[in-house]
Every structure is written in structure tokens, then in C-alpha cells.
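A.B. asks:
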Amino acid sequence: MRGKIERYGTRTRLSEKQLSTLKKLTKISGDADLRLITNTEYRQPQPQRRSWQKPRRRLRYREIKFAIFAAMMVVCGVGYAVTEGLRAVGLGSFETAAASSHFQSQAFSITDGDTIRMSDGTPVRLVGYNTPEKFEPQCEREKALGNRASERLRELVSTGKSTVTRVACSCKPGTEGTSKCNYGRSCGYLRVDGRDVGQTLISEGLAVPFICGATGCPPTPKPWCG
16 MRGKIERYGT
26 RTRLSEKQLS
36 TLKKLTKISG
46 DADLRLITNT
56 EYRQPQPQRR
66 SWQKPRRRLR
76 YREIKFAIFA
86 AMMVVCGVGY
96 AVTEGLRAVG
106 LGSFETAAAS
116 SHFQSQAFSI
126 TDGDTIRMSD
136 GTPVRLVGYN
146 TPEKFEPQCE
156 REKALGNRAS
166 ERLRELVSTG
176 KSTVTRVACS
186 CKPGTEGTSK
196 CNYGRSCGYL
206 RVDGRDVGQT
216 LISEGLAVPF
226 ICGATGCPPT
236 PKPWCG
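Structure representation (C-alpha cells):
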């Protein structure tokens with residue numbers, strides 16, 4: 016029994032007979048509890064997670080969201096500033112600047128209600144509408160309306176900022192720029208203060224809509240001679 020106690024110390028388990036003998040040797044009263052340990056399992060305390068870890072993760076997530084939002088606002092602000100700057104010098108937008116780069120610094124003269132000529136001599140057929148002919152009219156009414164359409168176009172151009180946007184002509188592939196495509200003319204839009212002049216002329220009865228496809232146009236509408 017002594018060797019057992021020396022070996023196991025406070026974890027020593029004794030039988031009832033051994034306990035009785037030990038009580039007699041140590042002169043301890045019979046109701047004394049000499050059980051050195053119980054049958055309860057010894058549980059090692061679990062390390063607790065620090066309470067500040069989760070809030071810190073949440074804080075970092077919020078910081079990342081705020082940084083992304085701030086970056087998006089900066090990009091939007093720069094884009095807006097650049098766009099406004101381009102409008103201030105007459106470009107209107109990135110799309111217009113790219114499409115009309117060929118005509119960017121050029122002035123133009125008016126040939127008739129739906130045709131202009133750039134300062135480098137390039138004739139440009141304005142697309143989306145058709146005005147009466149003033150050079151080869153089929154009737155006197157068409158000639159009169161053609162002259163009015165030309166004068167009205169000059170009035171519109173003189174009252175605001177004009178922007179010419181070059182576009183592809185509705186011709187067969189490989190023919191643009193030749194006499195087989197639009198009589199050798201380029202194609203484009205003319206806007207005054209952002210509005211297509213064709214819309215104005217149509218609304219005033221000086222033009223009719225004329226919409227072409229990708230590689231061709233329908234018969235030219237000429238309703239002025241009845």
C-alpha cells in the first residue's frame with residue numbers, strides 16, 4: 016500500500032480494506048473521507064477565443080467596403096469631369112469624339128437641306144432624313160420647299176453649337192468612298208446644341224424620314240409633287 020501511495024500520490028485508489036487499515040494506522044475516526052480522488056473526469060480547460068477578434072474582422076470588412084465605394088466615386092467623378100470638359104470644347108461625348116475625329120476641327124458650308132461640305136472639300140450626306148431637291152426638282156413646289164429647307168438649316172446652325180459626327184454609309188462592302196456609294200459622299204449626323212437637325216426639319220414639314228439599312232437604302236421618298 017505504501018508503494019502504491021508513493022507511486023500514484025493523490026491519484027491513489029484504495030480498496031475498503033486498505034482504507035480501514037490506513038485509518039487504524041493513522042488513528043483517524045471511522046467516518047473520515049480518505050478517498051484521495053473521485054471518479055469525475057479531469058477536464059482540461061479550453062482556451063477561450065479573444066473577444067476582440069470578431070469585431071476587428073467586421074471593422075476590416077467595413078473599411079474595405081468604404082475604400083471600394085470611395086474609389087468608385089472618384090472614377091465616376093473623373094469620368095464626369097472629362098465628359099464635361101469635352102463638351103466644353105465641342106466634342107459632346109467620347110462616342111462623338113471617336114466617330115467625328117475626321118471632322119473635328121473643320122468648318123462646313125451648307126449645300127442643301129440634307130448635304131453639307133466640310134472645309135477640306137469632303138461632301139457629307141446627312142442621314143436619317145431627306146429634304147426636297149432645289150437643284151433638280153420635279154416640280155415648282157419641291158424647288159420652293161428645297162430652298163426653304165436649306166435656309167432653315169442655315170438658321171439652325173447659326174443659333175447654336177454645331178457638331179458633325181461621321182458614320183458609315185449604307186453601301187455594299189468595299190464601295191464606300193467611291194461613286195458607287197452615295198455618289199462618293201461621306202455620311203454623318205449634324206447636331207445643333209445636341210439635337211439632330213433632321214428631327215427639327217421633319218417636325219416643321221421641310222423633310223421626311225429616310226432610314227437606310229446596313230448595306231442599302233429604300234427608294235428615296237419624294238412626296239412633294241403629289
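If you read the sequence shown in the numbering used here, its first letter stands for residue 16, the second for the next number, and so on. In this text, a Cβ means the ideal position worked out from N, Cα and C, and glycines have one as well.
Reducing DSSP to helix, strand and coil, say where THR36 ends up.
C.D. replies: If DSSP states are grouped into helix, strand and coil, THR36 belongs with the helices.
A.B. asks: Can you name the residues that DSSP bridges to SER201?
C.D. replies: DSSP output for SER201 lists VAL139 as bridge partner(s).
A.B. asks: Spatial neighbours of ARG169 within its chain, please: C-beta separation below 7 Å, excluding the five flanking residues on both sides.
C.D. replies: These residues qualify, in order along the chain: ILE125.
A.B. asks: Of all the options ASP127, LYS187 and SER173, which has the alpha carbon lying nearest to the alpha carbon of CYS232?
C.D. replies: With distances taken between Cα atoms, CYS232 lies closest to LYS187.
A.B. asks: Classify GLU151 as buried or exposed, calling it buried when 16 or more other Cβ atoms lie within 10 Å of its own Cβ.
C.D. replies: By the 10 Å Cβ count, GLU151 comes out exposed.
A.B. asks: Considering only the alpha carbon of each residue, which of ALA159, LEU216 and ASN197 lies closest to ARG206?
C.D. replies: When only C-alpha atoms are compared, the closest one is LEU216.
A.B. asks: Can you have a look at GLU166 and say buried or exposed, based on whether 16 or more other CB atoms are within 10 angstroms of its CB?
C.D. replies: Burial call: exposed.
A.B. asks: Closer than 8 Å is the cut-off here; do at least three beta carbon pairs connect the region 135-150 with the region 185-203?
C.D. replies: Verdict: yes, contact present.
A.B. asks: Go ahead and label GLU219 buried or exposed: buried means 16 or more other beta carbons lie within 10 angstroms of its beta carbon, across all protein chains shown.
C.D. replies: The residue is exposed, with fewer than 16 neighbouring Cβ atoms inside 10 Å.
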